[in-house]
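Sequence lines, in order, name chains S and E.
Per my numbering, residue 585 is the first one in the first sequence, and the count goes up by one each step.
Per my numbering, residue 109 is the first one in the second sequence, and the count goes up by one each step.
The C-beta atom is built at its ideal place from N, Cα and C for all residues, glycine as well.
Note that the structure is predicted; figures quoted are calculated from it, not measured.
One structure is given here, and the rest of the page talks about it.
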Amino acid sequence: MNVFRLAGDVSHLVAIIILLLKIWRSKSCAGISGKSQVLFALVFTTRYLDLFTVFISVYNTVMKVVFLALSYATVYLIYMRFRNSYNSENDTFRVEFLLVPVIGLSFLENYAFTPLEILWTFSIFLEAVAIMPQLFMITKTGEAESITTHYLFFLGLYRALYIANWVWRYHTESFYDLIAIVSGVVQTIFFCDFFYLYFTRVLRGRGKMTLP
Amino acid sequence: DRVMGGKDEL
Numbered sequence: 585m586n587v588f589r590l591a592g593d594v595s596h597l598v599a600i601i602i603l604l605l606k607i608w609r610s611k612s613c614a615g616i617s618g619k620s621q622v623l624f625a626l627v628f629t630t631r632y633l634d635l636f637t638v639f640i641s642v643y644n645t646v647m648k649v650v651f652l653a654l655s656y657a658t659v660y661l662i663y664m665r666f667r668n669s670y671n672s673e674n675d676t677f678r679v680e681f682l683l684v685p686v687i688g689l690s691f692l693e694n695y696a697f698t699p700l701e702i703l704w705t706f707s708i709f710l711e712a713v714a715i716m717p718q719l720f721m722i723t724k725t726g727e728a729e730s731i732t733t734h735y736l737f738f739l740g741l742y743r744a745l746y747i748a749n750w751v752w753r754y755h756t757e758s759f760y761d762l763i764a765i766v767s768g769v770v771q772t773i774f775f776c777d778f779f780y781l782y783f784t785r786v787l788r789g790r791g792k793m794t795l796p
Numbered sequence: 109d110r111v112m113g114g115k116d117e118l
């Protein structure tokens with residue numbers, strides 16, 4: 585554990601809590617892509633199956649359980665409790681275009697051809713692209729509420745901090761995980777355009793982020 | 109080892 589890793593995990597947690605609280609307090613999930621949230625729940629489910637096989641640390645177990653619980657709570661709020669506010673007509677990204685290549689890749693490129701390893705690899709690849717329905721939705725409607733953009737900022741920050749963590753671990757422990765690094769860099773690149781808009785529009789202005 | 113190492117991260 586190093587400071588980048590811890591800060592990354594905290595950013596990730598903050599992002600998820602921001603989104604959950606926003607939906608809970610406003611009793612609305614308008615502008616939120618339910619598809620992205622289902623994909624994230626799928627990411628956590630397939631990645632954290634090792635909860636049943638190995639024990640790493642109390643921190644590790646608690647965080648995994650918390651991420652799983654919060655992601656399912658978010659999906660529940662969007663599709664059950666506040667489904668009347670869900671903008672399904674704008675959440676039209678074709679998820680199968682992500683799932684099919686990601687499933688294929690995880691069978692081709694993995695560390696071991698075992699069910700748990702393939703599912704872990706699938707979760708890493710899927711996480712890299714899971715935000716695309718949300719970014720697509722923002723592009724389609726041309727705007728996002730500021731709280732939604734804060735959520736995206738912390739989600740992107742989490743990935744950027746993980747890259748710093750990998751650089752640190754490479755130099756201090758000679759440890760590197762190529763599948764995680766390549767996917768993490770790809771995931772972070774998706775956020776670059778958003779980061780630019782966030783700093784130039786959301787933080788300098790007020791309220792919604794509107795696209796040119 | 110690698111497999112354990114990969115999974116200590118979230």
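Is there at least one Cβ from chain E nearer than 8 Å to Val649 (chain S)'s Cβ?
By 1-based counting over the first sequence, the position of residue 649 (chain S) is 65. So no, Val649 (chain S) is outside the interface.
Using only CA atoms, which one of S:Glu673, S:Phe697, S:Ala714 lies nearest to Pro685 (chain S)?
For this step, residue 685 (chain S) is matched to residue 101 along the first sequence. Taking only the C-alpha atoms, the option nearest Pro685 (chain S) is S:Ala714.
Cα separation between Asp109 (chain E) and Phe628 (chain S)?
In the second sequence, counting from the first residue as 1, residue 109 (chain E) sits at position 1. In the first sequence, counting from the first residue as 1, residue 628 (chain S) sits at position 44. Summary for Asp109 (chain E): the model assigns pLDDT 42, below 50, so the residue's position carries little reliability, and this model does not support an answer.
Pop quiz: Ile656 (chain S) and Gly618 (chain S) are said to be a contact at Cβ under 8 Å. What is the actual Cβ separation, rounded to whole angstroms?
By 1-based counting over the first sequence, the position of residue 656 (chain S) is 72. By 1-based counting over the first sequence, the position of residue 618 (chain S) is 34. Per the sequence shown, residue 656 (chain S) should be read as Tyr rather than Ile. Incorrect: roughly 13 Å between the Cβ atoms, too far for contact.
Express the C-alpha separation of Asn668 (chain S) and Tyr742 (chain S) in angstroms, rounding to a whole number.
Mapped onto the first sequence, residue 742 (chain S) falls at position 158. Mapped onto the first sequence, residue 668 (chain S) falls at position 84. Put simply, the backbone Cα of Tyr742 (chain S) is about 31 Å away from that of Asn668 (chain S).
State whether the stretch 599-616 of chain S contacts the stretch 704-711 of chain S, with contact taken as three or more CB pairs (one from each stretch) at a distance under 8 Å.
no
Residue-chain proximity (Ala728 (chain S), chain E), Cβ-Cβ < 8 Å
For the purposes of this step, residue 728 (chain S) is identified with residue 144 of the first sequence, where counting begins at 1. No, because no Cβ of chain E sits closer than 8 Å to the Cβ of Ala728 (chain S).
Looking at Ser595 (chain S) and Phe706 (chain S), is the spacing between their C-beta atoms short of 8 Å?
Here residue 706 (chain S) refers to the residue found at position 122 when the first sequence is read from its first residue. Here residue 595 (chain S) refers to the residue found at position 11 when the first sequence is read from its first residue. No; because the gap between Cβ atoms is not below 8 Å, this pair is not in contact.
For Met793 (chain S), which beta-bridge partners are listed by DSSP?
On the first sequence, residue 793 (chain S) is found 209 positions in, with the first residue counted as 1. Answer is S:Ala728, bridged to Met793 (chain S).
With a threshold of 16 other CB atoms inside 10 Å of the CB of Val622 (chain S), please say whether the residue is buried or exposed.
Translated into positions along the first sequence, residue 622 (chain S) becomes position 38. So Val622 (chain S) ends up on the buried side.
Closest Cα partner of Ile722 (chain S) within the set S:Val766, S:Asn749, S:Ala625, S:Gly615:
On the first sequence, position 138 is the one that residue 722 (chain S) refers to. Among S:Val766, S:Asn749, S:Ala625, S:Gly615, the Cα nearest to that of Ile722 (chain S) belongs to S:Gly615.
Own chain residues within Cβ distance below 6 Å of Thr725 (chain S), not counting five before or after:
Taking the first residue of the first sequence as 1, we reach residue 725 (chain S) at position 141. The residues are Asn674.
Proximity below 8 Å, CB of Trp704 (chain S) to CB of Arg631 (chain S):
Residue 704 (chain S) sits at position 120 when you count from the first residue of the first sequence. Residue 631 (chain S) sits at position 47 when you count from the first residue of the first sequence. A Cβ-Cβ contact shorter than 8 Å links Trp704 (chain S) with Arg631 (chain S).
Using the C-alpha atoms, what's the distance from Leu795 (chain S) back to Thr784 (chain S)?
To locate residue 784 (chain S), count along the first sequence from 1; it is residue 200. To locate residue 795 (chain S), count along the first sequence from 1; it is residue 211. In a straight line, the C-alpha of Thr784 (chain S) is about 11 Å away from that of Leu795 (chain S).
Let me know if Ser672 (chain S) comes out buried or exposed under the rule of 16 or more other beta-carbons within 10 Å of its beta-carbon.
Position 88 of the first sequence, counted from the first residue, corresponds to residue 672 (chain S). Result: exposed.
Looking at the secondary structure, which residues open and close the alpha helix (DSSP H) in which Thr772 (chain S) lies?
The residue given as residue 772 (chain S) occupies position 188 in the first sequence. Its alpha helix (DSSP H) spans residues 762-781.
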